[in-house]
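Input: a single structure, listed below in structure tokens.
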Amino acid sequence: LQDMLESGFEVIITSASVEGLNEEWLGRRIDNECIQDLKELHEDFGINPAGEGGEYETLVLDAPFFKKRINLIKTRKIWKIDSGRLLVEKAETLEKA
């Protein structure tokens, strides 16, 4: 995750399906604080911080090889008991700054 972040990727969490990840994680950007929180959840619940066990899914909004970045205009959180997802209802592509 740290390598991805340092390489210029902009990524958000779009689904969560493990104890320790609640509705507040949906739409959260993966940044240094998020990585630290995921490491703590690894200690507390044994989840894979990189989500390799299906604990969460992501959406890449920008990457070094993207010609344009994705801007989310409208999203909706769908949460049922102990798992959920972020539904992207409207998005656009923008020129990179």
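For the sequence shown, counting from 1, position 97 maps to 97 in the UniProt record's numbering; every step adds exactly one. All residues carry an ideal CB built from backbone N, CA and C; glycine is no exception. Please read these numbers as outputs of a predicted model, since none were measured by experiment.
Which of helix, strand or coil DSSP assigns to residue i
{"i": "Asp-44", "result": "helix"}
{"i": "Ile-73", "result": "strand"}
{"i": "Leu-26", "result": "coil"}
{"i": "Lys-90", "result": "strand"}
{"i": "Leu-5", "result": "helix"}
{"i": "Lys-96", "result": "coil"}
Buried or exposed (CB count within 10 angstroms, at least 16 for buried), residue i
{"i": "Ile-12", "result": "buried"}
{"i": "Thr-93", "result": "exposed"}
{"i": "Glu-6", "result": "exposed"}
{"i": "Arg-76", "result": "exposed"}
{"i": "Glu-43", "result": "exposed"}
{"i": "Gly-51", "result": "buried"}
{"i": "Gly-8", "result": "exposed"}
{"i": "Ile-30", "result": "buried"}
Neighbourhood of residue i by C-beta distance below 8 Å, restricted to the same chain and skipping five residues each side
{"i": "Glu-41", "result": "Correcting the residue type first, residue 41 is Leu in the shown sequence and not Glu. Closer than 8 Å at Cβ, skipping near neighbours: Gly-20, Leu-21, Ile-47, Pro-49."}
Neighbourhood of residue i by C-beta distance below 7 Å, restricted to the same chain and skipping five residues each side
{"i": "Ser-88", "result": "According to the sequence as given, residue 88 is Val; it is not Ser. Leu-72, Thr-75, listed in sequence order."}
{"i": "Glu-23", "result": "Lys-77, Trp-79, Gly-84"}
6 Å CB neighbourhood of residue i in its chain, flanking five on each side removed
{"i": "Glu-57", "result": "Thr-14, Ser-15"}
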